[in-house]
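Heads up: the structure comes next, in structure tokens.
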Amino acid sequence: MGEESYREMPSSRGSRSALNGPVEPGVKTGPEEGVAQPKTGASSHPASGRAALQPSEHSPWPAVLAVGLLLVAVGLLSHWLIAALGAVVLLAAIVGWLWQPWVS
Amino acid sequence: MASSAETWPRPQWYEEGIWGWVTTTNHKRIGVLYLCTSFVCFFAAGAMAMMMRTQLMRPDNNFLTPEEYNQIFTMHGTTMVFLFGMPVLAGFANFLVPLMIGTRDMVFPRLNAFSYWSYLVASLLLYSSFLAGGAPNAGWFSYAPLTESPFSKGAGMDFWSLSIIMLGMSSIAGAVNILVTILTLRAPGMTFNRMPLFIWATFVNQFIILVALPSLTAAAIMLYLDRHFGTAFFNPANGGDPLLWQHLFWFFGHPEVYILILPAFGIISEVIPVFARKPIFGYSFIAYSSVAIGVLSFAVWAHHMFAVGLSLTAQAVFAFTSFTIAVPTAVKIFNWLATLWGGAIRLKSPMLFALGFIGLFVIGGLSGVSLAVVPFDWQVEDSYYVVGHLHSVLFGGTAFGVFAGTYYWFPKITGRMLDERLGKLNFWLLVAGFLLAFQPMHILGILGMPRRIWTYNANMGWNDLNMVSTIGAYIIGAAVLAFVLNLIITLRGGKVAGPDPWDGWTLEWAAASPPVMHNFDRLPQVRSRRPLWDEKHPDKADYLAAH
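Protein chains in written order, with numbering that gives the first Met the number 0: chain A, 0 to 103; chain B, 0 to 546.
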């Protein structure tokens with residue numbers, strides 16, 4: 000079982016939900032239920048659409064970006080060379096962040 | 000109930016090593032990191048509070064030097080507001096928002112991780128100032144021109160301004176993430192009108208952060224430019240205006256009070272109905288009063304500046320808006336009381352802290368209304384009355400809300416139940432400490448004791464009240480020790496909680512405790528504000544009653 004998706008996704012407006020039994024006739028279930036939901040009658044479905052492609056569970060780049068910021072700040076407090084190093088780390092983190100592939 | 004480690008369902012996200020935590024983008028891990036780091040900061044700021052109270056315990060005391068005292072009160076305030084108050088609530092939001100709205104994670108997981116790591120490095124930067132020649136020493140709101148180079152020559156204020164800039168980036172990134180998550184990733188069926196009230200409060204809270212924090216971040220950048228690049232935004236000697244700092248700071252600073260209290264309101268709105276076994280009374284009023292507070296919070300900032308010479312019109316307007324903002328707050332209080340009325344109340348630790356919150360926060364709220372009365376404000380401005388009011392709001396409100404939330408959701412986060420006896424000891428010590436530490440401050444302020452003074456003469460008539468206040472601070476310290484002891488004992492072998500130990504009604508209780516990596520193996524259908532109630536009681540489901 001992948002870590003990045005529901006094992007099953009509940010139906011929002013199916014005439015019968017595997018999770019809760021039959022939906023009462025005439026019950027209003029809200030406008031969002033029409034958004035990106037399975038066809039009527041589906042009891043569960045795999046993640047799809049927006050949920051199918053997503054960032055991996057692990058990425059070092061957010062932490063590296065924060066360390067880059069810290070180095071820039073320390074450089075401003077001490078020596079410009081440290082700030083320059085921080086700027087390089089910042090750039091590397093941004094590139095790495097954008098370069099890291101998403102997973103399905 | 001089973002209590003052995005073998006029966007404790009440790010999910011994968013608990014088990015991964017240090018690298019797994021450093022590189023994680025999972026909202027639960029990031030939430031746990033926020034919570035742990037912010038509580039460490041809380042303990043540090045609490046230790047500094049004890050040092051201050053020890054210094055003020057008796058007149059003419061020399062426990063701290065004046066310079067040390069200035070640094071300690073500045074770091075105490077900065078830590079409590081920026082490194083504990085905001086991040087601990089961000090920790091709850093991180094862990095709970097996806098669970099409560101029924102989704103897998105935040106919409107921007109890497110941005111979420113960046114928010115945490117930039118908060119952590121900003122905290123480290125701020126505290127490293129102690130090792131680099133002296134911490135900032137101008138108070139947590141760092142008024143200009145005291146913070147300008149001619150008056151603050153060390154690097155302390157530079158550490159402060161750079162840390163605040165980084166914390167601003169962290170908070171703004173976190174706000175974008177949480178707002179977009181709530182807007183776009185709610186479970187099917189979860190309309191705005193069915194969102195848990197904690198989510199409502201968090202939504203408004205993040206909106207306030209998004210609008211208010213840029214003001215402070217910009218002010219901190221301007222301060223740094225003044226100190227190092229020859230600008231004169233706040234320096235009157237070169238044409239600047241120190242009042243500009245106050246406007247920029249308090250445009251952030253008063254909404255900040257609501258940034259710190261709204262999520263606590265949300266926590267209380269979750270705890271009270273579950274432990275009163277009644278649906279919340281006046282859901283819509285509580286939800287929309289959060290919106291009203293969010294809007295009004297941007298129209299009250301100058302009540303912190305009544306003594307600077309504002310026009311009478313400005314003073315009247317800001318006094319009026321400051322009175323007005325008490326109305327939506329009172330709406331919440333009355334609705335919580337109405338929820339309690341006739342309920343089958345269970346006095347477990349989360350409920351005790353929630354009830355304590357209502358009683359003690361009202362003290363802070365009422366003293367706040369008194370400060371909106373301009374002539375009274377002139378009398379007690381920058382006195383211990385204001386210190387007593389601030390702590391009544393933020394300790395009686397935010398801290399009690401945080402403890403209520405911690406006792407309520409600790410089983411969800413860790414899978415173990417905090418000990419009830421230690422929880423009750425924690426609560427009663429905290430109530431006693433709160434009353435003894437902060438209420439004498441109101442009287443001290445009326446007697447003329449200015450805030451932030453290092454010591455005082457024995458003939459001022461302040462001796463006994465200061466002694467009482469210090470004893471109260473030590474009792475609060477004992478309460479926090481009981482809490483830490485509870486954490487240690489529970490994590491080493493507390494009772495296993497199970498998925499729904501409180502018989503809760505919102506979606507997070509449908510997940511395992513702790514939740515699995517993907518949060519839900521199955522998600523109850525959301526057809527009302529209490530989806531788990533509907534599932535447990537299909538014959539008495541809320542959505543049936545609504546039709």
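By construction, the Cβ of each residue, glycine as well, lies at the ideal position given by its N, Cα and C atoms.
Since the model is a prediction, treat every value here as computed from it, not as a measurement.
Pick from the options that is closest to residue i, judged by C-alpha positions
i: G167 (chain B); options: B:P262, B:I271, B:H302, B:S122; result: B:S122
i: I100 (chain B); options: B:S468, B:T180, B:L543; result: B:T180
i: L421 (chain B); options: B:I487, B:R57, B:T36; result: B:I487
i: A134 (chain B); options: B:A275, B:L95, B:Q70; result: B:Q70
i: A131 (chain B); options: B:P144, B:N111, B:A154; result: B:A154
i: L161 (chain B); options: B:Y223, B:V203, B:Q205; result: B:Y223
i: S127 (chain B); options: A:W98, A:V87, A:L69; result: A:L69
i: L261 (chain B); options: B:A89, B:T73, B:P500; result: B:A89
i: L182 (chain B); options: B:S170, B:T201, B:M165; result: B:T201
i: F274 (chain B); options: B:V386, B:D499, B:V525, B:K347; result: B:K347
i: Y610 (chain B); options: B:A298, B:A544, B:N425, B:V479; result: The requested residue 610 (chain B) does not occur in the structure, where chain B is confined to residues 0 to 546.
i: S268 (chain B); options: B:L531, B:A540, B:G84, B:W504; result: B:W504
i: F409 (chain B); options: B:W377, B:D376, B:V385, B:N485; result: B:N485
i: M221 (chain B); options: B:Q205, B:M448, B:F251, B:I164; result: B:I164
i: L417 (chain B); options: B:L215, B:N136, B:E66, B:W501; result: B:W501
i: F140 (chain B); options: B:M74, B:F191, B:R226, B:L119; result: B:M74
i: G293 (chain B); options: B:S321, B:Y33, B:Y407; result: B:S321
i: Y68 (chain B); options: B:E534, B:Q524, B:D499, B:R451; result: B:R451
i: V495 (chain B); options: B:N204, B:S366, B:I412, B:G341; result: B:I412
Cβ separation of residue i and residue j, assumed to be a contact under 8 angstroms, to the nearest whole Å
i: A510 (chain B); j: L98 (chain B); result: 6 angstroms
i: F433 (chain B); j: G400 (chain B); result: Actually they do not touch by this definition, with Cβ atoms about 13 angstroms apart.
i: G493 (chain B); j: R415 (chain B); result: 4 angstroms
i: F42 (chain B); j: V87 (chain B); result: Not really, about 12 angstroms apart at Cβ, beyond 8 angstroms.
i: M56 (chain B); j: M459 (chain B); result: Not a contact, Cβ separation roughly 14 angstroms.
i: V368 (chain B); j: A318 (chain B); result: Contact flag wrong, Cβ pair sits at about 10 angstroms.
Backbone CA spacing between residue i and residue j [nearest angstrom]
i: I470 (chain B); j: G308 (chain B); result: 38 angstroms
i: W453 (chain B); j: W249 (chain B); result: 25 angstroms
i: G33 (chain A); j: N234 (chain B); result: For G33 (chain A), the predicted model reports a pLDDT of 31, less than 50, meaning its position is unreliable and no value from the coordinates is stated.
i: T397 (chain B); j: G95 (chain A); result: 39 angstroms
i: G173 (chain B); j: T78 (chain B); result: 19 angstroms
i: K331 (chain B); j: A286 (chain B); result: 9 angstroms
i: P327 (chain B); j: A291 (chain B); result: 7 angstroms
i: F228 (chain B); j: V21 (chain B); result: 36 angstroms
i: L125 (chain B); j: P349 (chain B); result: 33 angstroms
i: T146 (chain B); j: F402 (chain B); result: 35 angstroms
i: I171 (chain B); j: S58 (chain A); result: 21 angstroms
i: L110 (chain B); j: H517 (chain B); result: 19 angstroms
i: P149 (chain B); j: F129 (chain B); result: 21 angstroms
i: S151 (chain B); j: W12 (chain B); result: 46 angstroms
i: P24 (chain A); j: D538 (chain B); result: Unreliable placement is indicated for P24 (chain A), whose pLDDT of 41 sits below 50; no coordinate value is reported for it.
i: P144 (chain B); j: V73 (chain A); result: 24 angstroms
i: M189 (chain B); j: R521 (chain B); result: 16 angstroms
i: Q99 (chain A); j: F113 (chain B); result: 15 angstroms
i: V385 (chain B); j: H246 (chain B); result: 19 angstroms
i: T489 (chain B); j: S512 (chain B); result: 14 angstroms
i: S42 (chain A); j: S527 (chain B); result: Its pLDDT being 33, under 50, S42 (chain A) is placed unreliably by the model, and nothing is read from it.
i: P37 (chain A); j: R193 (chain B); result: Low confidence applies to P37 (chain A): its pLDDT is 32, below 50, so where it sits in the model is not reliable enough to give any reading.
i: S10 (chain A); j: A472 (chain B); result: Reliability fails at S10 (chain A), whose pLDDT of 39 lies under 50, so the model's placement of it is uncertain and the value that follows must be treated cautiously. If I take the Cα positions, the gap works out to 53 angstroms.
i: G364 (chain B); j: G85 (chain A); result: 45 angstroms
i: F352 (chain B); j: V71 (chain A); result: 42 angstroms
i: R345 (chain B); j: W335 (chain B); result: 15 angstroms
i: A457 (chain B); j: L90 (chain A); result: 59 angstroms
i: S47 (chain A); j: A371 (chain B); result: Summary for S47 (chain A): the model assigns pLDDT 35, below 50, so the residue's position carries little reliability; its value from the coordinates is reported in the next sentence. Approximately 54 angstroms between the Cα atoms of the pair.
i: L242 (chain B); j: H303 (chain B); result: 12 angstroms
i: F482 (chain B); j: L354 (chain B); result: 18 angstroms
i: I81 (chain A); j: W300 (chain B); result: 39 angstroms
i: R185 (chain B); j: E15 (chain B); result: 28 angstroms
i: W116 (chain B); j: I93 (chain A); result: 15 angstroms
Using 8 angstroms as the threshold, is the region 27-47 of chain B in touch with the region 90-107 of chain B, meaning 3 or more CB pairs across them? yes
Cβ-based contacts, 9 angstroms cut-off: residues of the region 16-28 of chain B near chain A: Cβ contacts with chain A come from W18, G19, V21, T22, T23, T24, N25.
For the region 157-177 of chain B, enumerate the residues whose C-beta is nearer than 9 angstroms to any C-beta of chain A, in chain order. D157, F158, L161, S162, I164, M165, M168, S169
Short of 7 angstroms Cβ to Cβ, which residues in the region 249-282 of chain B face chain A? none
With 7 angstroms as the C-beta to C-beta threshold (strictly closer), list the residues of the region 209-238 of chain B near chain A in chain order. none
Can you give me, in chain order, the residues of the region 67-88 of chain A that have a beta carbon less than 8 angstroms from any beta carbon in chain B? Taking 8 angstroms as the Cβ-Cβ cut-off against chain B, the residues of the region 67-88 of chain A that qualify are L68, L69, A72, V73, L75, L76.
Count Cβ pairs between the region 44-61 of chain B and the region 471-484 of chain B that sit closer than 8 angstroms; are there 3 or more? yes
With 7 angstroms as the C-beta to C-beta threshold (strictly closer), list the residues of the region 105-117 of chain B near chain A in chain order. P108, R109, A112, F113, W116, S117
Can you list, in chain order, the residues of the region 366-378 of chain B whose Cβ is nearer than 9 angstroms to any Cβ on chain A? none
Residues of the region 134-155 of chain B with a CB closer than 8 angstroms to any CB of chain A: list them in chain order, please. A154
According to a CB-to-CB cut-off of less than 8 angstroms, which residues of the region 88-100 of chain A neighbour chain B? Taking 8 angstroms as the upper bound on Cβ-Cβ separation, chain B lies near residues W96 of the region 88-100 of chain A.
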